[in-house]
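Undergrad: Its first residue numbered 903, the sequence shown is counted upward by one per residue in my numbering. All C-beta atoms, glycine included, are put in the ideal place defined by N, C-alpha and C. Note that the structure is a prediction, hence the values are computed from the model and not measured.
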Amino acid sequence: MSLKTIQALVAITAAIGCLAFFSTPTAAHAQAQEVRAEPVARGLEHPWAVAFLPEGRFLVTERPGRMRVVEADGKLGTPLAGVPYVAAGGQGGLLDLVLDSGFATNRILYFCFSEPGLVGNSTALARAKLSADFSRLEDVKVIFSQKPKVPSSLHFGCRIVEARDGALFLTLGDRFHRKDDAQKLDNHHGKVLRLTKEGAAAPGNPFAGRPDALPEIWSFGHRNSQGATLAPDGAFWMHEHGPQGGDEINVPQPGRNYGWPVITYGENYGGGKIGEGITARAGMEQPLHYWVPSIAPSGMAFLTSDRYGPAMKGNLFIGSLKFGYLARLELAGGKVAREHKLLGGERVRDVRQGPDGLLYVLTDSPQGNLLRLMPRQGGG
């Protein structure tokens, strides 16, 4: 077979894969529904997060700094007014978005973005109301800003999760060049925070009252988390990017140290160990699961519905930016038992379960898509 023929076959396979997701066959998979990707909306510029509005609408953030409504028929609305200026560039811009648990009555939402400053930028968390006509954000207020600001376009983290008690978990990146800050408690780099809906330290945080620590911190020693969610039992889960290996899934516990950059299963870009090149140390937590090589994870959701059959219910879904697939993780005893790849050929930025029990995926590109994953046979 000639090189040109091989290249043509690869191109055709990739094109088909963009629209047809499928899973690596296993005995367990034989009991699960096959899925296919149904385009909901096209032409989104580097979409980062999706939330579900009433009457089948969607609210989507685009990294350059736009937030827009997507109608149930896929029509893109004009960008909402009232979005604050963001430091767009590199990995920075308008990032995660979640609706308040009381959105149906209060129309409040939360979003995070890279906030510009005099000496750099940092991740900020804002609260706003969506206007009744879905055209603008009202009463916009930045309720938290990561400190210190630094000149960097990397590692903003920025996933938001509302816990069952109403507190907000916020993941914050180490800003890349400030990785050593992740081990220090006097800054917000490389941390998970637990905040009130006003942006203050939530009651019961592990470092409250310590003069050498910021009271917002829930856990530390993280690198760059672009995926977080609540498990069906209400526990907070997250994953984080490793450096050329060592992407991790963690279930952060209050006050615990998750090791970065002292311990890691990754290595420096271009090769070579990081620090002492060790993977374990007393007083530092091991990941629940890790990947070598890196898949560059983004987005995270548990499936609680039975829309795809009983084998998928309770599975954890995580997007891969690097390899362009959706990972389906089967869990047993709180551990990852098996991993399946739902292949798509596009960078997966976000994955969420919708009110209809189906999974929705955002693909990351200048012409990104919002996709609905449909069961191939029955049940859907």
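Go through its chain and collect everything with a Cβ distance to Leu1223's Cβ below 6 angstroms, but skip five positions before and after it.
TA: So the list reads Ala1198, Ser1200, Arg1249, once near-sequence residues are dropped.
Undergrad: Between which residues of its own chain and Glu1232 is the CB-CB distance below 7 angstroms, once the five residues before and five after are set aside?
TA: If we look at Glu1232 and ignore the five residues flanking it on each side, its Cβ neighbours are Ala930, Asn1217, Ala1239, Arg1240.
Undergrad: In angstroms with no decimal places, state the Cα-to-Cα distance between Ala1028 and Pro956.
TA: C-alpha separation (whole angstroms): 22 angstroms.
Undergrad: Quickly, what does DSSP pair Arg1296 with across the bridge? List them, please.
TA: Outside the displayed range of the chain (903 to 1282) lies residue 1296, so it cannot be described from this structure.
Undergrad: Report the rounded CA-to-CA distance for Gly1172 versus Ser1207, giving the unit in angstroms.
TA: Using only the alpha carbons, I get a separation of about 42 angstroms.
Undergrad: Under 9 angstroms, do Ser1196 and His1242 count as touching if we go by C-beta distance?
TA: No. Outside cutoff.
Undergrad: Gly1148 and Leu1056: beta carbons closer than 9 angstroms?
TA: Taking 9 angstroms as the Cβ cut-off, Gly1148 and Leu1056 do not qualify as a contacting pair.
Undergrad: Find the nearest neighbour of Asp1114 within the set Gly1022, Phe1225, Gln1085, Gly1168, judged by alpha-carbon distance.
TA: Considering only alpha carbons, the answer is Gln1085.
Undergrad: What are the residues that DSSP puts in a beta bridge with Gln1255?
TA: Paired residue(s): Leu1261.
Undergrad: Apply the 10 Å Cβ neighbour rule to Asn1008 and answer buried if 16 or more other Cβ atoms are within range, or exposed otherwise.
TA: Asn1008 is exposed by the Cβ-count criterion.
Undergrad: Just to confirm, is the Cβ distance from Ala951 to Pro966 under 9 angstroms?
TA: The answer is no: Cβ separation not under 9 angstroms.
Undergrad: Nearest to Arg1066 by CA position, among Gly1211, Thr1131, Arg1230, is which residue?
TA: Ranking Gly1211, Thr1131, Arg1230 by Cα distance to Arg1066 puts Thr1131 first.
Undergrad: Helix, strand or coil for Asp1035? Go by DSSP, reduced to three states.
TA: Three-state DSSP puts Asp1035 in coil, outside helix and strand.
Undergrad: Between Asp998 and Ile1062, which are expected to be in contact by the criterion C-beta below 8 angstroms, what is the C-beta distance as a whole number of angstroms?
TA: Their Cβ separation, rounded to whole angstroms, is 5 angstroms, which keeps Asp998 and Ile1062 in contact under 8 angstroms.
Undergrad: Give me the Cβ distance between Lys1049 and His1090, rounded to the nearest whole Å; I'm assuming they're in contact under 8 angstroms.
TA: That pair is a contact at about 6 angstroms.
Undergrad: To which residues does DSSP link Asp1149 through a beta bridge?
TA: DSSP output for Asp1149 lists Trp1193 as bridge partner(s).
Undergrad: Look at the alpha carbon of Arg1274 and the alpha carbon of Val1094, and state the distance between them as a whole number of angstroms.
TA: Cα-Cα distance, rounded: 30 angstroms.
Undergrad: What residues in its chain sit with their C-beta under 6 angstroms from that of Phe1036, if we drop five residues either side in the sequence?
TA: Val971, listed in sequence order.
Undergrad: At the level of alpha carbons, what is the spacing between Gly1179 and Leu1070?
TA: Cα to Cα, the separation comes out at about 34 angstroms.
Undergrad: In the DSSP output, what is Leu1273 paired with across the bridge?
TA: Leu1273 is bridged to Pro941, Val1263.
Undergrad: What does a CB cutoff of less than 7 angstroms around Trp1193 pick up in its chain, not counting 5 residues either side in sequence?
TA: Taken in chain order, the residues that qualify are Asp1149.
Undergrad: Under the DSSP definition of a beta bridge, which residues are partnered with Glu1169?
TA: BP columns for Glu1169 are empty, so no partner.
Undergrad: Kindly list the residues whose CB is nearer than 6 angstroms to the CB of Arg1077, restricted to its own chain and excluding five residues on each side of it in sequence; keep chain order.
TA: Same-chain partners within the cutoff: Val1052, Ser1054, His1057, His1091.
Undergrad: Are there 16 or more other CB atoms within 10 angstroms of the CB of Val1253, so buried, or fewer, so exposed?
TA: Per the 10 Å Cβ criterion, buried.
Undergrad: Per DSSP, which one or two residues make a beta bridge with Ser1024?
TA: Glu1017.
Undergrad: Since Glu973 contacts Pro949 with CB under 8 angstroms, what's their CB separation in whole angstroms?
TA: With 8 angstroms as the limit, Glu973 and Pro949 do not qualify as a contact, their Cβ atoms being about 15 angstroms apart.
Undergrad: Which runs of the beta strand (DSSP E) fall wholly inside the region 978-1014 and span at least 3 residues, in chain order?
TA: Those beta strand (DSSP E) runs which fall completely within the region 978-1014 and span 3+ residues are 996-1001.
Undergrad: List the endpoints of the continuous beta strand (DSSP E) containing Tyr1227.
TA: 1227-1234 is the extent of the beta strand (DSSP E) around Tyr1227.
Undergrad: Considering only DSSP beta bridges, list what Glu1142 is partnered with.
TA: Answer is Glu1150.
Undergrad: What distance in whole Å lies between the Cβ atoms of His1141 and Met1202, which are believed to be in contact at a cut-off of 8 angstroms?
TA: At roughly 6 angstroms, the Cβ-Cβ gap stays under 8 angstroms, so Met1202 and His1141 are in contact.
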